[in-house]
Amino acid sequence: MPPTLALKPISSDRFRLLTANLNEKTGRLSFKTEVHSLAGNLVPPYVPISYTWFGPPTPDDTTVDSADGVIPQSFPDQVIVDDTSVDVTRNLANALRRVVQREWPLRAKQLGLKRRLRLWCDYLCIDQTNSTEKGEQVQNMTKIFGSASKVVAWLGTPPDDEEASCAMQLLSRLTATYKENVASGKGWAADIYKKHHDIWPSHSDWSLKAWRGLEALFKARYWSRGWMLQEITAENGTTFLWGDHHFGTDEFSMVVTMITELQNFPQFTDIIQIDRFCVGNIYLLMTRRKGPDQEESFELLRLLSLLRSAECTDARDKVYAISGLAKDVEIIPRYDRYNESGVDLFLNTAVSIIDVMHVQEALSYVFVPYTEQQRRICQPPIPSSWVPDWRLRTHCQKFTGGDFYTAGGPRWSCKASVAGDELQILGFRLDTVASLSVTYETEDPTYSVIQQWREILPRNGVYKLTGEEMESVFVTTVVADCILTNSVSSRGARADFEFLERARETMDPDMTSQRARMQAALGICLGRRLCVTRAGMVALVPAATEIGDSVCVLQGCGRCHVLRLEPDGVKGSYVGETYCHGMMDGKGTAQAYAESRKPVSFRLS
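Following UniProt numbering, the numbering of the sequence shown begins with 1 at its first residue and continues without gaps.
Structure (structure tokens):
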């Protein structure tokens, strides 16, 4: 990173703002820094800029992987701050110019900012060489964005401006359609398909260009940015800038809601490819944006899970970027934040989660890398296998959450403890993994996953279960909590799936929620594989599971777990949660533990 500003130290209750000036002849940006107090109502109106280090990939963008994240090594542009030339990334320079040169004159009157423009951006307003100040300012981030007149989010420049212009027209049309149908609360996708067919992606050159533009919008690097969570949940809303185009939070949230529904239908997904997880994360955040009718905070673990798919220049921000949004923020360990490595931070956070919440809450988020690419991301490795590594961008769903795969029965006592980097917990070995299927990695899990695994399992040594018996066990194992297969109206697993597929093809709005629930249940297969134990038990296990691993019950956990034990049967490493047929119940595991005469104090490193 190049030399940064020689900024004077400030106290933790103060922050810096930039007053802007643009030389019309040279195009050179210059700023003066001001220091203001965050306390009280004396802060002048200002606009914080949310952006990524980089925009669309260019030859100028070079990075280097470090122990704590991906650090930019190329700063091809410059701005003037306090009469000092400062190297910045091209995307930050573009964001500053867009706001100062074009957005500010257009929006100042609307925002009621009649005085000179004041901006805030992290790179220029925080001393990047002072880890103590960085930690203090990170704690103030929610207040900085929450007190702003308006937040401006720079998405970068679109790859095709014609498609982007069409996309903005489409955004307005979709917003109008949403408002027309909001009273019914359903049927937006069917309404677009049947009543507004002219905006369907396959209808005309214009509609296809418009949807291609929206595809590009959702592929913008901005949506993978970790600190995005702070900005788009700001109480005063966000103005999104995309090249020369702009739109607001409210209209964008309506479009995100509609796309979430459209992705349930092949008539849409066969033409337009928008990442489900990206849209899902944006949808969750926008529908719970701070306001009079929204929740004001999130659970820490839910936010950490969201950030798994995000990019952070500093890996430690996987934790710190959400601290101001978490209602249980006290779980995050307190110390000099940026003076400790990301690996140590993840370890200390896991220990705090176990101390404050429950051991299962930490173990549920462990995902052991099983490909070379995943292992490269997790370097240096965390020495403790039971600690969630938030650097790993995985879409593997956890078994707990919502109405799916939640253990029944009361939570029973747990006596887990941590000594150094070792987790000690009572439990016993239930069985041993005897055979495994391949890992299921398709992006669109449907009923075909059952048919695929029915063919795969016999070839991988699973010979005890075949044909309809295999299908029956699979459905009761993987789709055990789906409402259709458990409802009185169920006509059997195959009939239910075929019924849902027909509803999907005809875009029946009455089946949307049921289809989404079934899709979510089958999505649990991604990144996992089926196994059969020596005793014939069927389980859905992590992809990193190996033959010979142990399926165990751990005290206080309503789900079984896969451990890789050493010959002594005590020491070992943690592999992940497993969904065991006939054991996915709090009472079931508690009873199995109570009947065990030889509990073991496992020592997991």
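Where a beta carbon is used, it is the ideal one built from N, C-alpha and C, also for glycine.
As the structure is a prediction and not an experimental result, all values here were calculated from the model.
The stretch 549-557 and the stretch 355-373 touch, with no fewer than 3 CB-CB distances between them shorter than 8 Å. Around S305, the same chain offers Y365 and K398 as residues with beta carbons nearer than 8 Å, after the five sequence neighbours per side are excluded. Here A210 has C166, A167 and L170 as same chain residues with Cβ atoms under 6 Å from its own Cβ, once five neighbours each way along the sequence are excluded. If you draw a straight line from the Cα of A153 to the Cα of E251, it is about 15 Å long. An exposed status is given to D160, since fewer than 16 other beta-carbon atoms sit within 10 Å of its beta-carbon. Checking the DSSP bridge columns, you'll see F240 partnered with A153 and F247. The three-state secondary structure of T84, taken from DSSP, is strand.
The alpha-carbon of G548 is positioned some 41 Å away from that of T260.
Spanning the alpha carbons of K571 and V551 requires a straight line of approximately 14 Å. For C278, DSSP assigns no beta-bridge partner whatsoever. Between the C-alpha atoms of D77 and G213 there is a straight-line separation of about 28 Å.
Put simply, of I49, Y178, W223 and L217 the residue whose alpha carbon is nearest the alpha carbon of H245 is L217. Of the candidates N23, A321 and L96, the residue whose Cα lies closest to the Cα of I49 is L96.
With respect to the 8 Å criterion, G527 and A539 are not classified as neighbours on the basis of their beta carbons.
F252 is not bridged by DSSP to any residue.
Distance between W390 and T349, taken at the CA atoms: about 11 Å.
In the structure shown, V319 adopts helical secondary structure according to DSSP, grouped into three states. Under the three-pair Cβ rule at 8 Å, the stretch 119-133 does not count as touching the stretch 173-183.
With a cutoff of 8 Å on beta-carbon distance, F240 and L155 are scored as near each other.
In the pairwise beta carbon analysis, the stretch 309-326 is classified as touching the stretch 130-139: at least three pairs are separated by under 8 Å. Our two residues, F31 and T84, have alpha carbons roughly 9 Å apart in a direct line.
Exposure of H197 is indicated by the presence of fewer than 16 other C-beta atoms within 10 angstroms of its C-beta.
DSSP, read as helix, strand or coil, puts F145 in helix. In the DSSP annotation of this structure, the continuous segment of the alpha helix (DSSP H) that includes Y123 starts and ends at D122 to C125.
Counting only runs of at least 3 residues, the stretch 532-565 fully encloses the following beta strand (DSSP E) elements, listed from N- to C-terminal order: 538-542, 550-554 and 560-565.
Taking C-beta atoms under 8 Å as the contact rule, S149 and P45 qualify, at a distance of about 4 Å. Annotated three-state conformation of R102 is helix, per DSSP. The beta carbon of A164 sits closer than 8 Å to the beta carbons of P158, G213, A216, L217, W242, G243 and H245 from its chain, once the five residues preceding and following it are set aside; these are given in chain order. Sequence-distant partners of I144 (beyond 5 residues in either direction) whose C-beta falls short of 7 Å from its own C-beta, in its chain, are F15, P48 and W120.
Between N236 and V151 the beta-carbon gap is near 7 Å, inside 8 Å, which marks them as a contact. For R16, the enclosing beta strand (DSSP E) starts and ends at R14 to L22.
For D431, the uninterrupted beta strand (DSSP E) segment begins and ends at E422 to L436. Annotation: the continuous beta strand (DSSP E) that includes R603 extends over V600 to L604.
Only exposed fits T129, as fewer than 16 other CB atoms lie within 10 angstroms of its CB. Within the model, the alpha-carbon separation for Y579 versus P388 is close to 19 Å.
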